[in-house]
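*Asks:*
Residue numbers (this note's numbering): 723 to 822.
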């Protein structure tokens, strides 16, 4: 990748951030429904990354023990369990399924 293309990408990303922070955010943030939806976006992005890292290896889809561990963690987070309990339960389920 050339230096010019990297500089262009950096400028584009900063432009998007400034546009979102100073133009789109204040306008859309006035509506309560949109403000609540925007508050949920970071969690949705993190969950999408977690799922992608769990079920994808290269260009193939892999459904294995890790998916069960993530499912257990998701249920425990939904039930508002403590973080340590979530991590230990997910690791335990994943390890037990790998042994079987």
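Glycine residues also receive a C-beta, built at the ideal position from the N, C-alpha and C atoms.
Using CA atoms only, rank isn't needed, just tell me which of 743, 786, 765, 776 is closest to residue 822.
*Replies:* The option with the nearest alpha carbon to residue 822 is 786.
*Asks:* Alpha carbons only, please: which of 796, 781, 777, 782 is nearest the one belonging to residue 788?
*Replies:* Nearest C-alpha to residue 788: 777.
*Asks:* According to DSSP, is residue 727 helix, strand or coil?
*Replies:* Here residue 727 sits in helix by DSSP.
*Asks:* If we call anything under 8 Å between Cβ atoms a contact, is residue 790 one with residue 798?
*Replies:* The answer is no: Cβ separation not under 8 Å.
*Asks:* To the nearest angstrom, report how far apart residue 772 and residue 752 are at their CA atoms.
*Replies:* Roughly 31 Å separates the two Cα atoms.
*Asks:* For the alpha helix (DSSP H) holding residue 758, just list the boundary residues, first then last.
*Replies:* Start and end: 754-777.
*Asks:* Would you kindly work out how many angstroms separate the C-alpha atoms of residue 775 and residue 795, rounded to a whole number?
*Replies:* Whole-angstrom Cα-Cα distance: 15 Å.
*Asks:* Give me, in chain order, the residues of the same chain whose beta-carbon lies closer than 7 Å to that of residue 756; leave out the 5 immediate sequence neighbours on both sides.
*Replies:* So the list reads 750, once near-sequence residues are dropped.
*Asks:* Looking at the strands, I want to know which residues DSSP matches up with residue 822.
*Replies:* Beta-bridge pairing links residue 822 to no other residue.
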